[in-house]
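Residue numbers (the numbering used here), protein chains in the order written: chain A, 8 to 139; chain B, 12 to 396; chain C, 0 to 347.
Glycine is no exception: its CB is placed at the ideal position from the N, C-alpha and C atoms.
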Amino acid sequence: MSTSARYWREIPQRYRLEAGKCSGCGAIWFPPRLVCKECGKREFEVVNLPDRGKVQTFTVIRVPPSEFCDQAPYALGVIELENGVLLQCQIADCSPDELSVGMPVRIEFRKIKEEGEAGIICYGYKAVPVRE
Amino acid sequence: MRDVAVIGIGMIKWGELWEKSLRTIFVEAALNAIDDAGVDHIDSMYVGCMSSGLFVGQEHLGALLADYLGIAPVSAVRVESACASGGAAFRQGFIEVASGMSDIVLVGGVEKMTDVSGGGATFALSTAADQEYEVYNGVTFPGLYAMMARAHMERYGTTRKQLAQVAVKNHENGSKNPHAQFQMKITVDQVINSVMIADPLTILDCSPITDGAAAAILCPLEVARKISKKPVVKVKSSSAATDSIAIHQRKDITHLQAAEDAAAKAYKLAGVEPSDVDLAEVHDCFTIAEICAIEALGFVEKGKGGSATEAGETAIGGRIPINPSGGLKAKGHPVGATGVAQICEVVTQLRGDAGERQVENARIGLTQNMGGTCASCVVHILEVA
Amino acid sequence: MAGIVGYGAYAPRYRIKVEEIAKVWGTDAESYKRGLRLEEKSVPGLDQDVITMSVEAARNALKRARIDPKKIGAVYIGSESHPYAVKPSGTVVGEAIGATPDVHCADFEFACKAGTEGMFVALGLIEAGKMEYALAIGADTSQGAPSDALEYSTAAGAAAFIFGTKDVIAEVTHTFSYMTDTPDFWRREYMHYPRHAGRFTGAPAYFKHIKGAAKAIMEISGKKPEDFAHVVFHQPNGKFPTTVGKQLGFKPQQLETGLLCPRLGNTYSGSSPMGLTAVLDVAKPGEEILMVSYGSGAGSDAFIYRITEKITEVQGLAPKTTDYLDRNKVYIDYGTYAKLRKKIRMGE
């Protein structure tokens with residue numbers, strides 16, 4: 008089992024969706040990179056991603072990794088956020104038959120998993136359907 | 012660069028090989044290749060293996076396997092590129108012979124997957140995806156390919172039945188391959204109605220957990236012409252490409268860009284077009300993967316992989332036979348061995364030794380081996396010399 | 000004057016009906032429905048706990064406060080179900096909302112009163128001029144032992160309040176606290192479920208402390224029950240707050256808006272704070288609100304709020320508490336409830 012440092016160093020991304028915006032071409036990378044994949048520049052400013060988007064594709068995991076056994080079946084999707092940035096996360100509060108491509112979602116702060124009964128609790132982002 | 016030939020191939024029967032260890036299955040396949048080639052020594056060895064550390068707790072395979080094969084003290088290293096490890100190892104062997112550094116190089120691929128539980132295997136395989144931004148959220152490989160399948164279905168109208176047809180065709184081919192893990196035929200209804208793993212993919216859309224090894228022996232083409240008693244198969248070109256490891260960081264989730272990039276280079280180096288290829292072994296770890304692969308390789312138009320499969324174009328006897336060996340789906344998918352086994356099948360086909368599954372008049376064959384969701388891809392084009 | 004500048008609530012979408020629990024234990028659902036005015040309660044998903052609900056409630060409060068989270072000088076979370084026995088909830092929430100690192104964090108625990116405890120301290124720091132803004136949250140995913148009377152009410156939810164002195168929407172005009180050592184409910188270390196003292200939790204505990212605090216704060220402020228547009232009491236069930244309201248001279252209508260327990264359950268540290276958010280959602284400028292919490296062990300914190308003109312600007316900036324109560328709710332059976340609340344012993 009890895010130490011908690013590995014979880015800790017991703018906190019800005021997991022908790023606040025901090026991304027890197029390239030000062031050269033304006034491309035936004037999540038997670039941040041050291042080199043822009045589009046233009047090769049190495050300077051970035053920190054930006055927070057929007058918390059709204061829509062489902063680009065999805066699946067329902069029925070045979071999960073062991074750490075996610077109690078959560079299965081759960082939905083997972085590629086989410087296109089309002090600024091065009093894509094991320095991958097679970098789609099919570101949603102039954103499999105409600106899912107559809109293009110479905111509007113909002114990002115919420117959720118528990119992702121626990122490292123066993125005595126280990127750390129890992130938090131992060133999940134999408135939830137916007138039903139208004 | 013020297014021209015390079017494959018003068019020996021070695022396979023074993025794949026499956027759940029409870030009584031055999033990693034070193035045993037590797038040595039068996041390697042000895043078959045040495046015997047097939049008729050060589051009396053090996054100058055260097057590459058071993059493709061994705062995750063022996065997680066599957067059997069054993070790293071440092073180069074030394075271990077060279078020792079057990081009886082070829083120590085030659086140079087021997089392991090090559091890792093997830094499920095493309097076998098193809099990547101073969102490419103390293105090719106480069107070493109082409110460069111003139113060595114004459115006789117053994118390339119083996121191996122994975123012993125059944126010594127861990129299902130959960131353990133799922134975890135080991137998941138290390139080929141982005142640990143922090145894909146796996147952290149609970150995704151699995153079937154899940155990643157399922158999302159690619161869903162996007163392909165949405166965009167191109169690919170149907171559930173067309174996906175199933177890939178598995179049906181590959182099981183049909185596998186039933187004619189004595190080395191294949193599965194030798195039973197299946198139907199479209201069986202695929203669609205089998206246990207759901209990650210919607211829309213069922214268990215019969217997925218390649219299995221397999222113990223297996225494969226090996227090939229490379230040498231300069233000139234040497235092969237002198238010593239080989241079998242039809243000589245030349246490696247016309249070798250190429251590899253990479254892409255973002257996480258599917259959501261790609262421009263088009265339905266497209267295997269690394270496969271297209273690797274194939275474009277391989278076609279150019281070989282001086283052939285997709286239409287010149289007589290058969291291909293592609294990386295059908297999931298049914299959708301074969302559909303995407305044949306599109307990226309230029310065998311069918313983008314978006315037409317499903318309908319071409321349904322129309323029988325990819326069956327043995329069809330316009331472009333894909334995976335006559337049974338593919339990963341039926342032959343099995345011991346991840347590190349897969350890329351080398353693809354070479355073995357193409358060589359078998361080009362030699363005309365494929366028996367019931369022989370593709371008629373096969374002169375040029377292609378292999379496409381990919382890691383993860385095609386974040387790495389290795390393509391080789393082989394030809395009867 | 001110091002007061003609330005932003006507020007927000009959060010509740011999970013899962014609900015279980017009293018009938019469903021009663022069916023499993025062979026009890027009479029009607030006795031809970033009529034006797035204790037309980038209809039259904041919220042249940043957290045497997046991926047929800049005090050920290051996740053606190054973050055969402057705090058984000059809603061930030062939307063209403065319209066302030067830079069870096070200006071928040073304190074993050075206080077009151078709960079009896081902090082996810083860790085040792086490791087603060089506040090730092091996670093502070094990090095998630097962007098308030099770290101120049102911030103003071105503390106986790107409070109005082110049975111159902113921990114939320115208002117945080118509010119009391121946050122307010123004090125603002126009044127003392129120690130910081131510009133302070134965030135206080137009451138949140139719980141409380142657990143009652145299977146078949147215990149508490150199982151029909153223990154629920155999940157959170158409410159967050161940002162205190163400050165600029166653009167205040169609800170001024171805090173008076174506070175009063177009333178505490179004694181009264182062992183009516185407790186949970187020892189390493190115990191999964193709390194214990195309670197049955198009917199002893201009534202008159203000498205809940206009623207004595209709520210009335211003690213309410214009477215005192217009305218006396219020092221010179222207010223009478225009819226001066227308040229709304230009153231919010233801690234609500235372990237639907238009956239206790241109704242009864243104490245009547246005993247103190249309030250009319251049922253004054254309690255109605257903030258009485259969430261019948262359809263939400265008892266969210267413990269989130270209970271009276273969530274009642275207050277529901278009131279703030281509809282409050283009008285000039286109205287006065289009395290809030291009295293209760294925590295076993297035992298004590299009550301009382302607050303009097305006076306609504307300002309600013310309230311109308313912020314009410315619509317985040318989801319209303321009733322949105323969480325009424326929209327998208329999903330009823331679950333006891334089996335699912337047992338799974339979500341980890342009452343099923345799993346294999347390795």
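- Within its own chain, the residues whose Cβ lies closer than 6 Å to the Cβ of isoleucine 331 of chain C, once the five positions on either side in sequence are excluded, are Tyr13, Ile15, listed in chain order.
- With respect to the 9 Å criterion, aspartate 48 of chain C and threonine 140 of chain C are classified as neighbours on the basis of their beta carbons.
- Counted as a single uninterrupted DSSP element, the beta strand (DSSP E) harbouring glycine 5 of chain C occupies residues 2-9.
- Here valine 38 of chain B is buried, its C-beta having at least 16 other C-beta atoms within 10 Å.
- When the five nearest sequence neighbours on each side are left out, the beta carbons in the same chain lying within less than 6 Å of the beta carbon of threonine 115 of chain C are those of Ser292, Asp300, in order along the chain.
- In the three-state DSSP reduction, asparagine 181 of chain B falls in the helix class (H, G or I).
- When CB distances to chain B are screened at a threshold of 9 Å, the residues of the region 57-76 of chain A falling below it are Gln63, Thr64, Phe65, Thr66, Val67, Ile68, Arg69, Val70, Pro71, Pro72, Ser73, Glu74, Phe75, Cys76, in chain order.
- When rounded, the separation of the alpha-carbon atoms in lysine 120 of chain A and alanine 215 of chain C is 47 Å.
- Taking C-alpha positions only, glycine 269 of chain C is separated from histidine 294 of chain B by approximately 54 Å.
- The Cβ atoms of isoleucine 20 of chain B and aspartate 51 of chain B do not sit closer than 9 Å to each other.
- Neighbours of phenylalanine 134 of chain B in chain A, taken as residues at a C-beta separation under 9 Å, are given in chain order as Pro72, Ser73, Glu74.
- Nearest to cysteine 260 of chain C by alpha-carbon distance, out of C:Ala277, C:Leu247, C:Gly248, C:Phe249, is C:Ala277.
- What glutamine 20 of chain A touches in chain C, judged by beta-carbon distance under 7 Å, is nothing: the nearest beta carbon there is about 12 Å away.
- Exposed is the label assigned to alanine 12 of chain A, since fewer than 16 other Cβ atoms lie within 10 Å of its Cβ.
- Judged by DSSP in its simplified three-state form, asparagine 334 of chain B adopts coil rather than helix or strand.
- Residues Val85, Ser113, Asp114, Ile115, Val116 of the same chain have their beta carbon placed closer than 7 Å to that of aspartate 54 of chain B, with the five preceding and five following residues left out of the count.
- Histidine 71 of chain B does not reach chain A, its nearest Cβ partner there being about 22 Å away, counting only Cβ pairs nearer than 8 Å.
- Residues of the region 137-151 of chain B with a C-beta less than 8 Å from any C-beta of chain A: Ser137, Glu143, Tyr144, Glu145, Val146, Tyr147, Asn148, Gly149, Val150, Thr151, listed in chain order.
- Non-local C-beta neighbours of valine 167 of chain C in its own chain, meaning closer than 8 Å and more than five positions away in sequence, comprise Met0, Ala1, Gly2, Ile3, Val4, Thr307, Lys309, ordered along the chain.
- The residue among B:Val357, B:Val351, B:Ile264 with its C-alpha nearest the C-alpha of leucine 93 of chain A is B:Ile264.
- Contact with chain B is absent for proline 111 of chain A, since none of that chain's Cβ atoms lies less than 9 Å from the residue's Cβ.
- A contact between stretches requires three or more CB pairs, one per stretch, nearer than 8 Å, and the region 192-207 of chain B fails this requirement with the region 357-371 of chain B.
- Under the 9 Å criterion on CB atoms, isoleucine 128 of chain A is classed as interfacial with respect to chain C.
- By the rule that beta-carbons nearer than 9 Å mark a contact, asparagine 236 of chain C does not touch chain A.
- With a cutoff of 9 Å on beta-carbon distance, proline 111 of chain A and lysine 61 of chain A are scored as near each other.
- Contiguous beta strand (DSSP E) elements confined to the region 68-147 of chain C occur at 71-77, 103-107, 132-140, taking only those with 3 or more residues.
- Straight-line spacing of the CA atoms in threonine 133 of chain B and glycine 97 of chain B works out to 20 Å.
- As summarised for the region 214-238 of chain B, the continuous beta strand (DSSP E) elements at least 3 residues long and confined to that stretch are 223-231, given in chain order.
- Boundaries of the beta strand (DSSP E) around glycine 131 of chain A: 128-136.
- Residue-level contact by beta carbon fails for glutamine 95 of chain A and chain C, as no gap is shorter than 9 Å.
- When beta bridges are read from the DSSP output, serine 92 of chain B appears opposite B:Cys94.
- One Cα belongs to histidine 233 of chain C, the other to aspartate 254 of chain B, and the distance between them is close to 57 Å.
- Judged by beta-carbon spacing, cysteine 385 of chain B lies within the 9 Å limit of alanine 300 of chain B, meaning their Cβ atoms are closer than that value.
- Under a criterion of Cβ atoms nearer than 8 Å, the residues of chain A adjacent to valine 91 of chain C are, in order, Tyr22, Tyr130.
- Straight-line spacing of the CA atoms in glutamate 107 of chain B and glycine 47 of chain A works out to 32 Å.
- Restricting attention to beta strand (DSSP E) runs no shorter than 3 residues, the region 254-321 of chain B encloses them at 290-292, ordered along the chain.
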